[in-house]
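Protein chains in written order, with my numbering: chain A, 1 to 62; chain B, 63 to 316.
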């Protein structure tokens with residue numbers, strides 16, 4: 001794919017600072033999908049609250 | 063500009079998550095209820111045995127969160143999931159734009175969302191399908207979670223291999239597509255064949271219920287990614303048309 005530019009390419013240096021958001025977003029996803037109290041320190045509460053979502057989003061729940 | 067994409071991904075992800083939650087509520091919850099009913103019946107029947115206590119998980123004794131609250135929690139879960147996934151998608155999208163894939167924001171959004179569904183959802187699902195409550199041994203949850211994450215990584219790596227392979231093919235577009243599909247399926251097929259199989263469906267668990275639950279589960283993800291791809295593409299296309307490219311931040315949701 002030769003570089004004809006229709007949508008302007010965002011240079012990587014401008015992209016890089018925003019990548020700091022990725023760990024935060026992955027942490028949210030982890031808390032929703034997988035945490036069983038180890039990180040959230042709420043015991044089974046988070047697991048139970050997100051329970052149906054975990055099952056139906058297809059992640060191993062228990 | 064990256065900020066605009068990120069905000070768009072978060073908002074569209076939240077919305078698509080709530081749409082998927084609605085689907086899951088309508089088509090998935092009846093199956094979850096049915097599975098929990100079976101689980102509780104089985105736990106009661108086996109109550110005298112000491113093993114039953116271990117086999118039954120938190121629904122029974124602890125039940126910190128009631129069933130109605132868990133159904134509300136479904137929307138919280140899918141909404142937050144959409145938010146997180148949408149944010150990551152937006153940053154990847156910002157990186158791909160103009161480098162890989164279609165030259166239009168709308169088409170790129172659709173292509174990337176479709177690819178994400180196949181690589182991150184469908185590839186793990188085929189090997190380790192979703193299970194309703196009452197299916198699955200709590201003692202193996204850690205290994206099953208790891209295997210599931212490995213399948214996601216395999217799907218992502220296979221996507222990268224597929225793109226890299228296709229780029230080397232300078233012949234006609236069909237040859238490129240064939241190269242991409244082979245580049246994707248070889249590692250994925252190898253992982254499907256080589257990784258350990260998980261079979262923890264108890265004897266007597268109704269096959270129809272299991273099938274319907276799994277259909278609802280993959281349907282929930284399909285609704286999410288379809289809604290996300292269409293909405294993200296639509297908004298991006300509109301924004302790109304309104305301002306020809308650079309001052310996108312003027313149209314950013316504040």
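Glycine included, each C-beta is placed from N, C-alpha and C at the ideal position.
### Task
Determine whether the Cβ of residue 57(A) lies closer than 8 Å to any Cβ atom of chain B.
The sequence position of residue 57(A) within the first chain is 57, counting from 1. For residue 57(A), the answer is yes, since a Cβ of chain B falls inside 8 Å of its Cβ.
### Whole-angstrom distance between residue 199(B) and residue 296(B), CA atom to CA atom
The sequence position of residue 296(B) within the second chain is 234, counting from 1. The sequence position of residue 199(B) within the second chain is 137, counting from 1. Cα-Cα distance, rounded: 43 Å.
### Query
According to DSSP, is residue 191(B) helix, strand or coil?
By one-based count along the second chain, residue 191(B) stands at place 129. If DSSP states are grouped into helix, strand and coil, residue 191(B) belongs with coil.
### Task
Answer with yes or no whether the minimum CB distance from residue 44(A) to chain B is below 8 Å.
For the purposes of this step, residue 44(A) is taken as the residue at position 44 of the first chain. Yes, because at least one Cβ of chain B sits closer than 8 Å to the Cβ of residue 44(A).
### Query
Using a C-beta cutoff of 8 Å, does residue 178(B) count as contacting chain A?
Counting from one through the second chain, the residue named residue 178(B) turns up at place 116. Not a single CB atom of chain A sits nearer than 8 Å to the CB of residue 178(B).
### Query
Under 8 Å between C-beta atoms, does residue 19(A) make it to chain B?
Counting from one through the first chain, the residue named residue 19(A) turns up at place 19. So, interface residue.
### Message
Counting only beta-carbon separations shorter than 8 Å, does residue 53(A) have a partner in chain B?
### Response
Here residue 53(A) corresponds to residue number 53 of the first chain, with the count starting at 1. Yes - at least one Cβ of chain B is within 8 Å of the one on residue 53(A).
#### Entry: Cβ separation of residue 97(B) and residue 271(B), assumed to be a contact under 8 Å, to the nearest whole Å
To locate residue 97(B), count along the second chain from 1; it is residue 35. To locate residue 271(B), count along the second chain from 1; it is residue 209. With 8 Å as the limit, residue 97(B) and residue 271(B) qualify as a contact, their Cβ atoms being about 6 Å apart.
### Query
For the alpha helix (DSSP H) that contains residue 92(B), what are its first and last residues?
Counted from its first residue, the second chain places residue 92(B) at position 30. Looking at the DSSP string, the run of the alpha helix (DSSP H) that includes residue 92(B) is 91-107.
### Query
Under the three-state reduction of DSSP, which class applies to residue 133(A): helix, strand or coil?
As shown, chain A starts at 1 and ends at 62. That puts residue 133(A) outside it, with no answer to give.
### Message
Here's a check: name, in chain order, each residue in its chain whose Cβ is nearer than 6 Å to the Cβ of residue 49(A), leaving out the five neighbours to either side.
### Response
Position 49 of the first chain, counted from the start, is the residue given in the question as residue 49(A). There are no such residues.
### Task
Report the three-state DSSP secondary structure of residue 116(B) (helix, strand or coil).
By one-based count along the second chain, residue 116(B) stands at place 54. Confidence at residue 116(B) is low in this model, with a pLDDT of 46, below 50, so the placement of that residue is unreliable and no value is reported for it.
#### Entry: Separation of residue 101(B) from residue 180(B), as counted between CA atoms
In the second chain, counting from the first residue as 1, residue 180(B) sits at position 118. In the second chain, counting from the first residue as 1, residue 101(B) sits at position 39. So the two alpha carbons sit approximately 32 Å from each other.
### Query
By Cβ distance, which residues of its chain are closer than 8 Å to residue 226(B), with the 5 residues on each side in sequence left out?
In the second chain, counting from the first residue as 1, residue 226(B) sits at position 164. The answer, listed in chain order, is 245.
### Query
Is the region 139-158 of chain B in contact with the region 21-29 of chain A, if contact means three or more CB pairs nearer than 8 Å?
yes
### Query
Would you call the CB atoms of residue 281(B) and residue 171(B) closer than 8 Å?
Start at 1 with the first residue of the second chain, and residue 281(B) comes out as number 219. Start at 1 with the first residue of the second chain, and residue 171(B) comes out as number 109. No; because the gap between Cβ atoms is not below 8 Å, this pair is not in contact.
### Task
Look at the alpha carbon of residue 61(A) and the alpha carbon of residue 72(B), and state the distance between them as a whole number of angstroms.
Within the first chain, residue 61(A) is the residue found at index 61, counting from 1. Within the second chain, residue 72(B) is the residue found at index 10, counting from 1. Using only the alpha carbons, I get a separation of about 25 Å.
### Task
Quick one: list the residues of chain B neighbouring residue 29(A), beta-carbon separation under 7 Å, in chain order.
The count along the first chain starts at 1 and reaches residue 29(A) at position 29. The answer, in chain order, is 143, 146, 147.
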